[in-house]
Amino acid sequence: MTLDNTAASTETHFDYAGRLRELDVAVLLARKSLELHAAPDPLHSESLDKLADALSTRFEDGGHVGDLDEAVSLYRQALELRPTPIPLRADSLNNLSKVLLMRFKQGGQLSDLGEAISLSKQVLELQPLTPSLRSTSLHNLALALYRQFLENGQKNGLNESISLYRQALKLQTTSHPLRPTSSSDLANALCERFRREGRQSDLDEGILLHKQALELRPAPHPHRSASLSNLGIALYTQFEQKGHQSDLDEAILLHRQSLELRPSPHPLRSLSLNNLAIAFWIRFEDTGQRRDLDEAISLHRQALDLQVLPLHQRSLSLSNLAGALRLRFEQSGHQSDLDEAITVNRQALELRPSPHPLRPFSINNLALGLVVRFQQGGHNGDLDEAILLYRQDLGLLPLLSFYRSLVLDNLATALWTKFEKEGHQIHLNEAIALHREALPLIPDHLRPECLNNLANTLQTRFQQEGHQTDLDEAISLHREALDLRNLSSPFRSQSLNNLANALRTRFEHAKRPLDLNDAISLYRQALELRNAAHPDQSRSLYELGIGLMHAHSLAGKNSAYLDEAMELFCTATHCLNQPASLRLRIAHTWIKHAILHQHVSAIDAYDAALQGLPKLAALSFDVKSRQQALVTDSDGLARDASIFAIQAGKLDKAIEFLEAGRAVFWSQFLSLRSPLEQLREISPELADKLRETATGLEIGSHRNTLAEASENRQKLIIDQETARLNRLNEEWSKAIDDVRQLNGFEDFLRPRSLSELQVAASKGPAIILLGNDNGSDILILTSIDVRTIHVSGLPTQELQTLVHFIRFASLGSSRANIKDHSEKLAEFSPTMVETLRNWTKLKEARGMRYDGQKDSDTVFKFVLDTLWNEVVRPVINILRLEKSEEPPVVQWCPTGLFSFLPIHAAGCYDDDLCIESASDYFISSYTPTIGALLTQYQTPSPTKSFRMLVVIQSQELPSTRKELENIEQHVSDDLLVKLGIPGQSASVEEVASRLSDMDIVHFSCHGTQDRSNPLDSGLKLEDGYLRVSRIMKEKIPNGALVFLCACETAMGDGKLPDEAMSLGASLLFAGFRRVVATMWEIQDRDGPVVADAFYKELIRGPDGRPTREPDASKSAYALHMAVKTLRNEKASFSRWVPFIHMGN
83 MTLDNTAAST ETHFDYAGRL RELDVAVLLA RKSLELHAAP DPLHSESLDK LADALSTRFE
143 DGGHVGDLDE AVSLYRQALE LRPTPIPLRA DSLNNLSKVL LMRFKQGGQL SDLGEAISLS
203 KQVLELQPLT PSLRSTSLHN LALALYRQFL ENGQKNGLNE SISLYRQALK LQTTSHPLRP
263 TSSSDLANAL CERFRREGRQ SDLDEGILLH KQALELRPAP HPHRSASLSN LGIALYTQFE
323 QKGHQSDLDE AILLHRQSLE LRPSPHPLRS LSLNNLAIAF WIRFEDTGQR RDLDEAISLH
383 RQALDLQVLP LHQRSLSLSN LAGALRLRFE QSGHQSDLDE AITVNRQALE LRPSPHPLRP
443 FSINNLALGL VVRFQQGGHN GDLDEAILLY RQDLGLLPLL SFYRSLVLDN LATALWTKFE
503 KEGHQIHLNE AIALHREALP LIPDHLRPEC LNNLANTLQT RFQQEGHQTD LDEAISLHRE
563 ALDLRNLSSP FRSQSLNNLA NALRTRFEHA KRPLDLNDAI SLYRQALELR NAAHPDQSRS
623 LYELGIGLMH AHSLAGKNSA YLDEAMELFC TATHCLNQPA SLRLRIAHTW IKHAILHQHV
683 SAIDAYDAAL QGLPKLAALS FDVKSRQQAL VTDSDGLARD ASIFAIQAGK LDKAIEFLEA
743 GRAVFWSQFL SLRSPLEQLR EISPELADKL RETATGLEIG SHRNTLAEAS ENRQKLIIDQ
803 ETARLNRLNE EWSKAIDDVR QLNGFEDFLR PRSLSELQVA ASKGPAIILL GNDNGSDILI
863 LTSIDVRTIH VSGLPTQELQ TLVHFIRFAS LGSSRANIKD HSEKLAEFSP TMVETLRNWT
923 KLKEARGMRY DGQKDSDTVF KFVLDTLWNE VVRPVINILR LEKSEEPPVV QWCPTGLFSF
983 LPIHAAGCYD DDLCIESASD YFISSYTPTI GALLTQYQTP SPTKSFRMLV VIQSQELPST
1043 RKELENIEQH VSDDLLVKLG IPGQSASVEE VASRLSDMDI VHFSCHGTQD RSNPLDSGLK
1103 LEDGYLRVSR IMKEKIPNGA LVFLCACETA MGDGKLPDEA MSLGASLLFA GFRRVVATMW
1163 EIQDRDGPVV ADAFYKELIR GPDGRPTREP DASKSAYALH MAVKTLRNEK ASFSRWVPFI
1223 HMGN
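Using the numbering used here, read the sequence shown as starting at 83 and increasing by one per residue.
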């Protein structure tokens, strides 16, 4: 036997035995043969072919790209030695075409694909060709054109490749070595055309050809694994179309056999892993066995973990892994699955640029994930991007493609979701039209989902327009969908629940008891299928509870129905893995029914609702998203809960509810900065874990998520960061749960109890003000008890009147008069002007002069008189306070509308005289929450020396130079850092970077409250605004006091008054222990006067002599004296009332 024949024999043996080491021997022998037959030996070209054959075969099994590149080079050399008309030239063209196509599949270089097609066409131009050689050439060209079709999606390329495969197959006898390959490749092309165009005959012929190919490749044929995989794919495609379980079971068996024949490091192992994973996924969708879905995900991960993975295979594994993860999220509710699904989908999309034929699949899968994420978190950008992606997808798909029907259905669902969010009828109507268009084209196994979706949109339209036919059709469609769901389907509970909703809706309108009974029965069946780990269990509990409340009303107030409904609502609010918005909605429903029916669980319902607020503003969100998440459902909840508790006689709960449900944004923010010294003594590992996690979350919270990211790659980076922060948030929650298991740490980072909050009142009472439709309530917290006063004369409407009066009076200053503003005032409340007129008439009857032209001071006197009589005097009476030259400090904690009223200035003022004033009895300080006062008792970080920062806006506000001069008279120059003066820039970053080192900071500049986005409120500096969101980035351990001599620095957010979003409150939470701020615009001339008197008092020592360093603990008293200076100058109310003190 010659050396050439020995090499060929060894390669042939490998083909059937599959042993890599034997192929290594074949390559070695072929190299030696080539050395023996060096040019110009007549056998040189043949030796080149032999070595190239061995190398290309070894590549197919081992995946070493170097083998493939060398084979291409060797075949090129052989081709150059075989010019026309030598008969072997056709073989060389075919050989080179074949390996170039292999290299294209490996590396994706289009030049390789183009050359392969060109070479195959050259072979067919050679004449004459034997039938065998012609069939080989036809097959090679068909294969190359099919690959080109997969790249560019051109339908003509697919049809031409099928035609060429058929021609090749006609020239091949049953024993022809290429017949199984041609059969298999033609079958693949036919199945692909079925997927795109839905011709059943293509799929039937494809399965038959795959079976024939498998018969022609008995074990141990090296390509038997490919035939097993191909037939398996075709069979589960048929299962998806016809739903025969035997097809799916056989497909799984075939894929298992294929995987066994492709041990690592077989280059096609990833494909077998992927195919088997898809089969398990499909079986999960049919039977609902969670282990099948977990197995699918595990197999996809194994495929991605393989070291050598061509791009097309990698994109396939990524796309399929993403789909399986999204499906598992829908079953388990684990956020990490959804996060990974979206990022993996984006990665797959990056590997399938236009016009990649599989790009539509990646687009659809990504859009599906985005819609699900929107439903969880409510980010409008996700839903808008999904709708845009679906519309792009429809432009890439053939009109009659069954896959197009899926995209139509998905787009319709997204548009329905958008309607539910925004209420635009055009979206609902388009959704219904698209569902109807998709339904006739949808594959049988997906028909129940499409029926369900169309029914949901019709039910929604009925609720909007009231057409009974819509609701009746919806019920009919839901019944059809349910009939198509087998008993083990994981989606059966969805159909049960949806049909129950539709029947309940019909009961609510037609009052047919049978509909309600059927709905309750269906709800119970759905609930049985949704265990505690199911993310929709809470929804089933909730909707069954609503059904039972109807039954309670229908059955003559049956208490059994009522009690069960309340228990269901309670259980629903404690379910894991549900959207925070759903949990809050359930709690609101529970509260409504419990109060309406006077059920004992009402207090628990409020408790559950308040506990859910922090989850709305998850720590993984950026700070602006956190703040905006609280806008919709949080305001007023804590006040309502507290008022209910007061009425129930539970004053401890009233206080605790207010603390748990107010300033939630800041509670979340401060939790990341909680001191951990005590925990470190017990568990240093947990303390380190919490600190590390908190640092990561705080840094991430300042990212800019509002920046537009137009490219998928940019969005991928953003999504990866979001996923990382969600993981950190989960780790944070778990670490806190672990800490609470430790003795003495059971209440770690929980809302404070009454006994803890009473510590804040140890130096003076804290007075909480609550508005209500039936009057206001005052809670007086002392270190030993809680007392309450009900103020019937200040219901919500009256408070609104007072707030509007104050706003107009403060805006109008001393030049305003009520006649000019009466029309505007009347727009807010028709009785407002009349109320003021009646009050002035009463005063005039007592001999006091009030001209017809009422200036802003008249309005102030009316408001402050009302506050004195209704709020302050009752408090003075109950606390038994007396006028004093050294009055005590009282902490006011206003809520709701009270946050916009100057309680500290309340009094009875007549002409130039002050008959009664709050400041005669006490010094007022404000606090956004009682808990905010407790942070003041933390020991500040030690510093080497006292430092004070003064920031002025001397160019725009010349009076600020005078203000600085006044400060310099009281504070030594070596203690001051002055910015905004010549040579010392007051830029945003310069000022922000200085905050952490300062004990006292004084701002004299413009300030503004951004009502649409409170975190953008700020202080105007030389190069922009120092915004709240920027200040939050700084840690301020030594901040004893900040004086905001600027406009609107105590003005809160009208949408969220209880979230304490004013500049002053923000700085209090950011680290300053005391704040002086203003409720509205102040006059430039007053800043220097107030600052002079304020710092003069701040440095006054016990003996009356000046001290070197200002004493910030005296700031409330110092402001009290400074404002008195303004009042002594006969300043109008609008000038002295706005100055307030916050903190301890």
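The C-beta atom is built at its ideal place from N, Cα and C for all residues, glycine as well.
Among the options, nearest to residue i - alpha-carbon criterion
{"i": "Leu448", "options": "Gly460, Pro435, Asn427, Pro442", "result": "Asn427"}
{"i": "Val609", "options": "Leu623, Asp597, Ala601, Arg962", "result": "The question names Val, yet the displayed sequence has Leu at residue 609. For Leu609, the nearest C-alpha among the options comes from Leu623."}
{"i": "Met1224", "options": "Thr883, Leu1149, Gln327, Gln729", "result": "Leu1149"}
{"i": "Ile424", "options": "Glu803, Phe703, Glu759, Glu322", "result": "Glu803"}
{"i": "Ser1216", "options": "Asp1055, Lys1178, Val941, Pro969", "result": "Val941"}
{"i": "Val705", "options": "Leu1097, Leu156, Ala250, Glu104", "result": "Leu1097"}
{"i": "His591", "options": "Glu625, Arg574, Asp554, Asp618", "result": "Asp554"}
{"i": "Met1114", "options": "Leu754, Leu386, Gln191", "result": "Leu754"}
{"i": "Thr587", "options": "His632, Ser575, Asp565", "result": "His632"}
{"i": "Asp1193", "options": "Trp1162, Arg1155, Leu317, Gln1165", "result": "Arg1155"}
{"i": "Cys975", "options": "Arg140, Ile997, Ile1012", "result": "Ile1012"}
{"i": "Arg606", "options": "Ala615, Pro595, Gln619", "result": "Gln619"}
{"i": "Arg486", "options": "Trp748, Pro522, Leu388", "result": "Pro522"}
{"i": "Leu979", "options": "Asn583, Val1070, Thr883", "result": "Thr883"}
Enclosing beta strand (DSSP E) for residue i [first to last residue]
{"i": "Arg1167", "result": "From DSSP, Arg1167 is part of no beta strand (DSSP E); its letter is neither H nor E."}
{"i": "Val1033", "result": "1030–1034"}
{"i": "Arg869", "result": "868–873"}
{"i": "Met1224", "result": "1221–1225"}
{"i": "Ser1086", "result": "1082–1086"}
For residue i, the three-state DSSP class (helix, strand or coil)
{"i": "Ser1007", "result": "strand"}
{"i": "Gln323", "result": "helix"}
{"i": "Leu1123", "result": "strand"}
{"i": "Lys1102", "result": "strand"}
{"i": "Ser1216", "result": "helix"}
{"i": "Val941", "result": "helix"}
{"i": "Ala1159", "result": "strand"}
{"i": "Asp554", "result": "helix"}
{"i": "Ser571", "result": "coil"}
{"i": "Met184", "result": "helix"}
{"i": "Lys1060", "result": "strand"}
{"i": "His560", "result": "helix"}
{"i": "Asp902", "result": "Its pLDDT being 49, under 50, Asp902 is placed unreliably by the model, and the measurement read from it follows with that caveat. In the structure shown, Asp902 sits in a helix (DSSP, three-state: H, G or I)."}
{"i": "Ser865", "result": "coil"}
{"i": "Ala1198", "result": "helix"}
{"i": "Thr218", "result": "helix"}
Span of the alpha helix (DSSP H), counted from its first residue to its last, around residue i
{"i": "Cys652", "result": "641–655"}
{"i": "Thr725", "result": "It is Ile, not Thr, that sits at residue 725 in the sequence shown. Unbroken alpha helix (DSSP H) run through Ile725: 719–729."}
{"i": "Ala987", "result": "First-last for Ala987: undefined, no H or E at that position."}
{"i": "Pro48", "result": "Coverage of the chain is limited to positions 83 through 1226, which leaves residue 48 absent and any answer about it impossible."}
Where residue i falls, given that 16 or more other Cβ within 10 Å makes a residue buried
{"i": "Ser257", "result": "exposed"}
{"i": "Gln209", "result": "exposed"}
{"i": "His675", "result": "buried"}
{"i": "Asp368", "result": "buried"}
{"i": "Arg795", "result": "exposed"}
{"i": "Ala699", "result": "buried"}
{"i": "Asn176", "result": "buried"}
{"i": "Gln546", "result": "exposed"}
{"i": "Ser1086", "result": "buried"}
CB-CB length for residue i against residue j, believed under 8 Å
{"i": "Trp969", "j": "Ile1005", "result": "Here residue 969 turns out to be Pro, not Trp, going by the sequence shown. Correct: roughly 5 Å between the Cβ atoms."}
{"i": "Ala468", "j": "Leu490", "result": "Not confirmed; about 14 Å, so no contact."}
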